[in-house]
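Residue numbers 1 to 103, in full-length UniProt numbering, belong to the letters of the sequence shown in order.
Backbone N, C-alpha and C define an ideal beta-carbon position, used for all residues, glycine too.
Structure, as structure tokens:
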Amino acid sequence: MHQLLELQGSQTVRTAPELQRALLAALDAGADVALDISDIAELDLSFVQTVCSARHHAVLGGKTLRLARPAPGPVAALLTRAGFLTDITPDDLDFWFHGVLAQ
Numbered sequence: 001m002h003q004l005l006e007l008q009g010s011q012t013v014r015t016a017p018e019l020q021r022a023l024l025a026a027l028d029a030g031a032d033v034a035l036d037i038s039d040i041a042e043l044d045l046s047f048v049q050t051v052c053s054a055r056h057h058a059v060l061g062g063k064t065l066r067l068a069r070p071a072p073g074p075v076a077a078l079l080t081r082a083g084f085l086t087d088i089t090p091d092d093l094d095f096w097f098h099g100v101l102a103q
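Dropping the structure here:
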């Protein structure tokens, strides 16, 4: 079973608990989950932490969590500022950018 979660608007510390519940519910229901994050208008590091935690949860449960499209500019900028792109692993490159880091 596959499920698409479309995120939009603000994805910050205020919305992180709601995002975590939605991600874990979809994964625990047996779904492989794709996130569409193309319409996120505002985000902070709690978004990245929540997604990274859900990725780990998915792996432990034999599920897949992926992005429907490569990370858009604001997400890439946050990952850069936070140092996530320094020595990025192949798995993280595949997850966030579908294998191609835009220059």
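Minimum Cβ-Cβ distance from residue i to chain B less than 8 Å
| i | result |
| --- | --- |
| His98 | Looking at the structure shown, chain B is missing, and only one protein chain is on hand. |
For residue i, three-class secondary structure by DSSP
| i | result |
| --- | --- |
| Leu85 | coil |
| residue 107 | Since the displayed the chain opens at 1 and closes at 103, residue 107 lies outside it and no answer follows. |
| Gly9 | strand |
| Ala41 | strand |
| Ala34 | strand |
Span of the alpha helix (DSSP H), counted from its first residue to its last, around residue i
| i | result |
| --- | --- |
| Asp91 | 90-97 |
| Arg66 | Segment 65-67 is the beta strand (DSSP E) holding Arg66; no alpha helix (DSSP H) there. |
| Ala16 | 16-28 |
Check whether residue i and residue j have beta carbons under 8 Å apart
| i | j | result |
| --- | --- | --- |
| Ala54 | Leu24 | yes |
| Ala71 | Phe47 | no |
| Gln8 | Thr50 | no |
| Ile40 | Pro90 | no |
Integer Cβ distance of residue i from residue j, believed to fall under 8 Å
| i | j | result |
| --- | --- | --- |
| Leu5 | Ala22 | 6 Å |
| Gln11 | Ala26 | Rounded, the Cβ-Cβ distance is 16 Å, inconsistent with contact. |
| Ala102 | Ala76 | 7 Å |
Discussion item. Between the region 24-35 and the region 63-74, can you find at least three pairs of beta-carbon atoms closer than 8 Å?
Written reply: The answer is yes - the region 24-35 touches the region 63-74, with three or more Cβ pairs under 8 Å.
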